[in-house]
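The next block holds one structure in the form of structure tokens; read it before the comments.
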Amino acid sequence: MKRALSTTLCLLLLVSTAWFIFDKSTTKQLSNDKLLITFTDQELKVTYYNFHNGKNHALYSKNASDYPTSVLSKDDETLYFTDFDSDNNTQLFEINLKNKEEQQLTNGFSSIDFLKLDELRKKIYMRVLINGARNFHIAVYDLDSKKVDIWNQNDLDTSVKDFDLNQDGKVYVLSFSEKESHQKINDFNQNQGSFKPARYTFSIYNSNGFKLKDVGSVEKHIQDFSVNKGKILFSVNEKPESDDSNFLIYELNAEKGTFNTILSSHTKDLLSLQQPQFSSDGRYVYFIGIPKKYNVLQDDHGTKAKQKYLYQYDSIRDKITKIWAKDGGIINNYSVISD
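Under mature numbering (1 follows the signal peptide of the UniProt record, and there is no 0), read the sequence shown as residues -21 to -1, 1 to 318, first letter to last.
Following this line, the structure appears as structure tokens:
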């Protein structure tokens, strides 16, 4: 797993040191949401932006980690983020944005990502990799007690692909069997056929880690998912082994366990779609995508990558608008900041 994390870091460094060509007019917002956007520039500096009403406010900048993720306190005065510790493992940190005092909050994990702050702004939920383990768990850091609670720590097979918090305090989790996934990867390497996905299960937990129910299972190459007021969005790469794969965004009905297509890259002049999230009012769907007429990013070694933008899809008008990009770097991720 250490090798996998190192590979992720190398890919981040390779892309973000490229010479970038960006569209200048890419700060147009249709909704009234605040977005927390993580951006890495060509000097390997990560900057966290509070984007609202078409305006950027740079909160904090630091050197890049393997996969930078963050959450912002309700008063906008404290940023919680992931970074390397002295052992080159990823831990949880905080910084006071007024006095710039920084503190490491966790120890002992191999990796931490996908930070989520609960509605009361009292707990940080995160995906963690325990030292020596192969599967990911959810852990909760209590901001008052400074203690960490790891869910289902003795489960050595179920791995968390992604998770999100609903407004009612319930935790929606996307998980899979590490053993099954490993077997399918081995089958693909040996037979060189199509790459078959693992079976992913959507589940709902209470805030203490007790599973309430499973709401559906899908055998697709799911990239990520999000939830808003009980409505689930997830993105799929149909053929990850193909350069001409179709990327789709689905909405899952948690009551019926059925899902329907919201967006398809092949029908919207896009090469890829990922990280879908509803706007606060549910009308818009944000996502990161690559247009078919893309700009090429190229580093000093000739390695090329395709530029990504943050988009906003109006489900009523069936219209996509490009809302965010920035010169000299790449978008890592973003989140909708609830009031």
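Even for Gly, the Cβ is constructed at its ideal location relative to N, Cα and C.
Remember, predicted model here, so these are calculated numbers, not experimental data.
To the nearest whole angstrom, what separates the beta carbons of residue i and residue j, a pair I think is in contact under 8 angstroms?
i    : j    : result
I302 : Y290 : 6 angstroms
F72  : E81  : 6 angstroms
V315 : S294 : Wrong, their Cβ atoms sit about 15 angstroms apart, outside the cutoff.
D232 : S224 : Checking the sequence, you will find Asn at residue 232 rather than Asp. At roughly 25 angstroms, the Cβ-Cβ gap does not stay under 8 angstroms, so N232 and S224 are not in contact.
L76  : L58  : 6 angstroms
Q286 : I267 : Not confirmed; about 11 angstroms, so no contact.
L249 : E230 : In fact, because the Cβ distance is near 18 angstroms, the residues do not count as touching under 8 angstroms.
F60  : P47  : 7 angstroms
Excluding five sequence neighbours on each side, which residues of the same chain lie with their C-beta closer than 7 angstroms to the C-beta of residue i?
i      : result
K140   : L153, S154, F155, Y179 and I201
I299   : K247, Y290 and Y292
L144   : K95, D97, Y104 and V150
K123   : Residue identity check: residue 123 is Asp in the sequence provided, not Lys. These residues qualify, in order along the chain: K101.
T(-15) : Bear in mind that a pLDDT of 35 at T(-15), under 50, signals an unreliable position, so the number given afterwards is only what the model happens to contain. Here the set comprises nothing.
F93    : T48, M105, R106, D141 and F142
L108   : M(-21), F88, S89, S90 and F115
Can you tell me which of the options puts its alpha carbon nearest to the alpha carbon of residue i?
i    : options                   : result
S196 : K95, N131, K158 and G236  : G236
E98  : F213, P47 and V150        : V150
K210 : S224, F181, F60 and L94   : F181
E220 : N239, F266, K24 and N168  : N168
E157 : Q171, V194, S138 and D166 : S138
L96  : F142, F63, D134 and H116  : F142
F257 : T69, R113, Y104 and Y313  : Y313
K199 : W130, N187, F238 and N311 : F238
I129 : N145, I74 and I91         : I91
L135 : L242, I117, V127 and Q146 : I117
K126 : N110, N86, H161 and S160  : N86
Q132 : D45, N114, D55 and R296   : N114
I269 : S244, T240, G188 and L15  : S244
D222 : Q70, T69, L108 and S251   : S251
L51  : N42, T69 and L14          : L14
E234 : D193, G261 and D166       : D193
K218 : N110, T69, N165 and G172  : G172
D297 : K79, I109 and R262        : R262
S205 : G188, Q70 and I183        : I183
P255 : D203, K271 and K272       : D203
Quick one: what's got a C-beta closer than 6 angstroms to residue i's C-beta in the same chain, skipping five residues either side?
i      : result
S259   : D12
K175   : K163
C(-12) : Its pLDDT being 40, under 50, C(-12) is placed unreliably by the model, and nothing is read from it.
K102   : V119 and D121
S65    : none
V207   : Sequence inspection shows Asn at residue 207; the Val mentioned does not correspond to that position. Once the five neighbours on either side are set aside, the close Cβ partners of N207 are F257.
K53    : R100
T26    : F18, A37 and S40
S317   : none
I241   : I228 and E230
F226   : N216, S244, S251 and L252
N110   : S89
I16    : Y28, F30 and Y313
Near residue i, which residues of its chain fall below 8 angstroms by C-beta distance, leaving aside the five closest residues on each side in sequence?
i      : result
D2     : Here the model assigns D2 a pLDDT of 35, short of 50, so the residue's position is not dependable, and the following value carries that caveat. The answer, listed in chain order, is N274, Y288, K301 and A304.
N185   : G148, K149, V150 and L191
S4     : With a pLDDT of only 37 at S4, under 50, the local geometry of the prediction cannot be trusted, and the value read off the model is given with reservation. Hits under 8 angstroms: none found.
A177   : F155, S156, E159, S160, K163 and E198
E56    : N75, L76 and K77
K(-20) : For K(-20), the predicted structure reports a pLDDT of 37, less than 50, and the residue's modelled location is therefore unreliable. A value from the coordinates is still provided. So the list reads S89, once near-sequence residues are dropped.
Q146   : E98, N207, K208 and S317
Q70    : T61, D62, F63, D64, Q83, L84, T85, N86, F88 and I91
A(-18) : In this predicted model, A(-18) has a pLDDT of only 37, less than 50, meaning its place in the structure is not dependable enough to derive any value.
N170   : none
Closer than 7 angstroms to a non-hydrogen atom of the ligand ADP - does that hold for the CB of residue i?
i   : result
S52 : Here there are no bound small molecules, and the ligand ADP is not part of this structure.
Review point. What are the uninterrupted segments assigned as beta strand (DSSP E) that are 3 or more residues long and contained completely in the region 234 to 263, given in chain order?
Key: As far as the region 234 to 263 is concerned, its whole beta strand (DSSP E) runs of at least 3 residues are 237 to 243 and 249 to 257.
Point to revise | Whole runs of the beta strand (DSSP E) within the region 204 to 237, excluding any shorter than 3 residues | key: Counting only runs of 3 or more, we get 210 to 216 and 226 to 232.
Review point. Can you give, in chain order, each stretch of the beta strand (DSSP E) that sits fully within the region 29 to 69 and has at least 3 residues?
Key: If we require 3 residues or more, the beta strand (DSSP E) runs fully inside the region 29 to 69 come out as 34 to 42, 49 to 51 and 57 to 63.
Exercise for review: Scan the region 70 to 128 and note each continuous beta strand (DSSP E) run of 3 residues or more that stays entirely inside, going in chain order.
Suggested key: Taking 3 residues as the minimum length, the beta strand (DSSP E) runs contained wholly in the region 70 to 128 are 81 to 83, 88 to 96, 102 to 109 and 115 to 121, in order along the chain.
Review point. Where are the alpha helix (DSSP H) runs, 4 residues long or more, that stay fully inside the region 127 to 189, in chain order?
Key: Unbroken alpha helix (DSSP H) runs of no fewer than 4 residues, entirely contained in the region 127 to 189, are found at 157 to 170, following chain order.
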